[in-house]
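For the sequence shown, my numbering assigns the number 61 to the initial residue and increments by one for each residue that follows.
Each residue gets a CB set at the ideal place from its N, CA and C atoms; glycine is no exception.
Predicted model, so just to flag it, every value in this text is computed and none were measured.
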Amino acid sequence: MSAASNTDTSASANTETSAKLTTAGDEKRRASRSPSPNRSSTQNVEELMAKINIHKDLGNKAFQEKDFHKAIDEYEKAIESYEPHGAHITTTNEMKATIGAVYNNRAFAYFKIEMYGAAIVDSTKAIELKFDKVECHIFFFCVATKKKNNNNHSFFRINVTKKKTFGIGYYRRGCSHAALMHWYKAKKDFQKAAKIFKNDKNIEKRLKQAEQADKYQKFCKAIETDEGKPLSETIKIEDFPALTSSYDGPKFNSISEINSQWVISLQEYLRNGGKLHISDKKKKKWQKCKQK
């Protein structure tokens, strides 16, 4: 029995080993058949960039010709070229910058045809597309030795990168909010745009207008009353007292039930000596007044 068990154990071990070798071999063969990922990724990025730029340029041309609907169609094609592949390839900063510009341009086109909601959506997408941008280069010069006639110097360069976003998107979105009289949101967007584009007279002017309009809008809301509203909008059924048991005239459960036929029936009821009901509380007050 021990010999048999040893044989079984060795056989299972050999099977596991051969399975591992087969798996490793399959992986190596698959790796040898598949192209280099970096090469394929770079090629895809370059092809997509070319396609996106074609549609972007066509959209810009249509925009300059004031054919805003055609411009929107071309910008849409550029965005569609980017989105399906964004999860499968390495998205470069250049591509993000290009797509962000397309979203901004389409937002402006939507604004021109008064589709302010769509303009807000595209401006927000442009703002959310952040990318790395080299702001400046810092050079360091170091003298390796202080000996005479020794030119053993060292140079160091550091690229200072900063996370950039499409600041113009705040301005575009602010203009769309202003067109919809969303003055508080417009004010917030213009404030962010003013921080990015300092001393921009147009943005400062827009910000001042939004701040004034926001104050006025809040003031109007604070003093708002029911005056000027139709009487039907100010009446609430729950404010009416409950019917007394003595009332046998026309009744209703909601304002919608009051129509011309209901009014005629009420008129007939009053002509025949009927009286409108009085709540018990009002009845008691009336009786006290009569006694006095």
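Check: Which of the three DSSP states, helix, strand or coil, is assigned to Asn319?
Finding: Numbered from its first residue, the sequence shown carries residue 319 at position 259. Correct three-state label for Asn319: coil.
Which stretch, first to last residue, makes up the alpha helix (DSSP H) that contains Met155?
Against the sequence shown, residue 155 aligns to sequence position 95. Where Met155 is concerned, the enclosing alpha helix (DSSP H) stretches over 153 to 172.
TODO: Compare the C-alpha of Met175 against each of Ile159, Phe128, Ala157 and name the closest.
DONE: Along the sequence shown, one-based indexing puts residue 175 at 115. Taking only the C-alpha atoms, the option nearest Met175 is Phe128.
Check: Cβ of Ala169 within 8 Å of Cβ of Ile132?
Finding: Translated into the one-based positions of the sequence shown, residue 169 becomes position 109. Translated into the one-based positions of the sequence shown, residue 132 becomes position 72. Yes, they are a contact pair.
Under 7 Å from any heavy atom of the ligand HEM, does the C-beta of Lys121 make it? No copy of the ligand HEM occurs in the structure displayed, which carries no ligand at all.
Notebook entry, point to check: Would Ala302 be called buried (16 or more neighbouring beta carbons within 10 Å of its own) or exposed?
Noted result: The residue given as residue 302 occupies position 242 in the sequence shown. So Ala302 counts as exposed.
* **Selected residue, minimal CA-CA separation from His242, among Gln277, Ala282, Phe312, Glu106** => Counting from one through the sequence shown, the residue named residue 242 turns up at place 182. Ranking Gln277, Ala282, Phe312, Glu106 by Cα distance to His242 puts Gln277 first.
Euclidean distance between Cα positions of Trp322 and Pro310: Residue mapping note: residue 322 aligns to position 262 of the sequence shown, counting from 1. Residue mapping note: residue 310 aligns to position 250 of the sequence shown, counting from 1. Taking the straight line from one Cα to the other gives about 7 Å.
query = DSSP three-state call for Ser305: helix, strand or coil?
reply = Counted from its first residue, the sequence shown places residue 305 at position 245. The answer is coil: DSSP assigns Ser305 none of H, G, I, E or B.
inquiry  = Please classify Cys235 as buried or exposed, where buried requires at least 16 other C-beta atoms within 10 Å of its C-beta.
reply    = As a first step, residue 235 must be located in the sequence shown, where it is residue number 175. The residue is buried, with at least 16 neighbouring Cβ atoms inside 10 Å.
By how many angstroms is the C-alpha of Asn313 removed from the C-alpha of Lys247? The residue given as residue 247 occupies position 187 in the sequence shown. The residue given as residue 313 occupies position 253 in the sequence shown. The straight-line gap from Cα to Cα measures roughly 46 Å.
Task: Top-ranked residue by Cα proximity to Glu134, from Ser325, Ile159, Cys280 - done: As a position in the sequence shown, residue 134 is number 74, starting the count at 1. Distance check between Glu134 and each of Ser325, Ile159, Cys280 places Ile159 closest, using alpha-carbon atoms only.
### Task
Rank Ala273, Met155, Phe171, Lys261 by C-alpha distance to the C-alpha of Ile112 and give the top, closest one.
As a working note, residue 112 is residue 52 in the sequence shown. It is Met155.
By Cβ distance below 6 Å, which residues in the same chain neighbour Lys335 in space, the five residues on each side in sequence not counted?
Within the sequence shown, the letter at position 275 stands for residue 335. There are no such residues.
Considering only the beta carbon of each residue, do Arg266 and Ala179 sit closer than 8 Å?
Start at 1 with the first residue of the sequence shown, and residue 266 comes out as number 206. Start at 1 with the first residue of the sequence shown, and residue 179 comes out as number 119. No.
Check Leu118 in the structure and name its three-state DSSP category.
Position 58 of the sequence shown, counted from the first residue, corresponds to residue 118. Correct three-state label for Leu118: helix.
Exercise. For Phe250 versus Ala270, is the C-beta spacing smaller than 8 Å?
Worked result: Taking the sequence shown and counting its residues from 1, the one referred to as residue 250 is at position 190. Taking the sequence shown and counting its residues from 1, the one referred to as residue 270 is at position 210. For Phe250 and Ala270, yes; Cβs fall inside 8 Å.
Quick one: Cα of Ala254 to Cα of Gln124, how far? Residue mapping note: residue 254 aligns to position 194 of the sequence shown, counting from 1. Residue mapping note: residue 124 aligns to position 64 of the sequence shown, counting from 1. Those two C-alpha atoms are separated by around 26 Å.
Below 7 Å CB to CB, which residues in the same chain sit around Gly227 once its five sequence neighbours on both sides are set aside?
For the purposes of this step, residue 227 is taken as the residue at position 167 of the sequence shown. For Gly227, where only same-chain residues beyond five positions count, the Cβ hits under 7 Å are Ala253, Ile256, Phe257.
Worksheet item: With a Cβ-Cβ cutoff of 8 Å, do Tyr142 and Leu189 count as a contact?
Response: Locating residue 142 in the sequence shown gives position 82, where the first residue counts as 1. Locating residue 189 in the sequence shown gives position 129, where the first residue counts as 1. Not a contact, by the Cβ cut-off of 8 Å.
What's the gap between the Cα of Phe279 and the Cα of Val105? Taking the sequence shown and counting its residues from 1, the one referred to as residue 279 is at position 219. Taking the sequence shown and counting its residues from 1, the one referred to as residue 105 is at position 45. Inter-residue distance for Phe279 and Val105 is about 53 Å (C-alpha atoms, whole angstroms).
Open item on the list: Between the alpha carbons of Lys245 and Ile318, how many angstroms are there, rounded?
Closed with: One-based indexing of the sequence shown puts residue 245 at position 185. One-based indexing of the sequence shown puts residue 318 at position 258. Looking at the two C-alpha atoms, the distance is approximately 42 Å.
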